[in-house]
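Encoded as structure tokens, the structure appears first; notes follow it.
Numbering (UniProt numbering), first residue to last: 1 to 125.
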């Protein structure tokens with residue numbers, strides 16, 4: 001997190017033309033969001049990646065709550081702290097089409113988000 005646009009492009013995490021179209025001070029690709037002011041503020045993890053506590057796509061909400069006792073529900077799933085300056089977003093959907101998530105609902109994507117991110121968070125499902 002915090003890398004400049006050029007640093008992000010150099011990693012190969014974004015397409016070659018990334019940065020050619022800026023929206024409200026931010027550049028967005030399907031896997032990363034870079035702020036002009038703060039640098040890299042969001043990363044979508046690859047589908048086969050797991051957190052250090054073993055949570056990945058396909059893990060249940062119960063797994064998330066067990067691994068991250070401080071996890072809190074939000075509109076797209078659950079969020080949990082990742083150190084002092086960032087958090088995980090465990091994206092899910094309610095199988096019951098409810099406003100709330102059941103313990104059996106599954107994680108469909110994971111993103112890492114910098115605290116204070118100034119870009120409108122995009123749908124990276």
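In this text, a Cβ means the ideal position worked out from N, Cα and C, and glycines have one as well.
> So, helix, strand or coil for residue 110, using DSSP?
Replying inline: strand
> Residues bridged to residue 26 by DSSP?
Replying inline: 23, 35
> Among residues of its own chain, excluding the 5 on either side of residue 53, which ones have a beta-carbon nearer than 6 Å to its beta-carbon?
Replying inline: 67
> If you follow the beta strand (DSSP E) that residue 91 is part of, which residue opens it and which one closes it?
Replying inline: 86-92 is the span of the beta strand (DSSP E), which, as asked, contains residue 91.
>> Runs of 4 residues minimum, wholly inside the segment 38-71: which ones carry the alpha helix (DSSP H) assignment?
In response: 61-67
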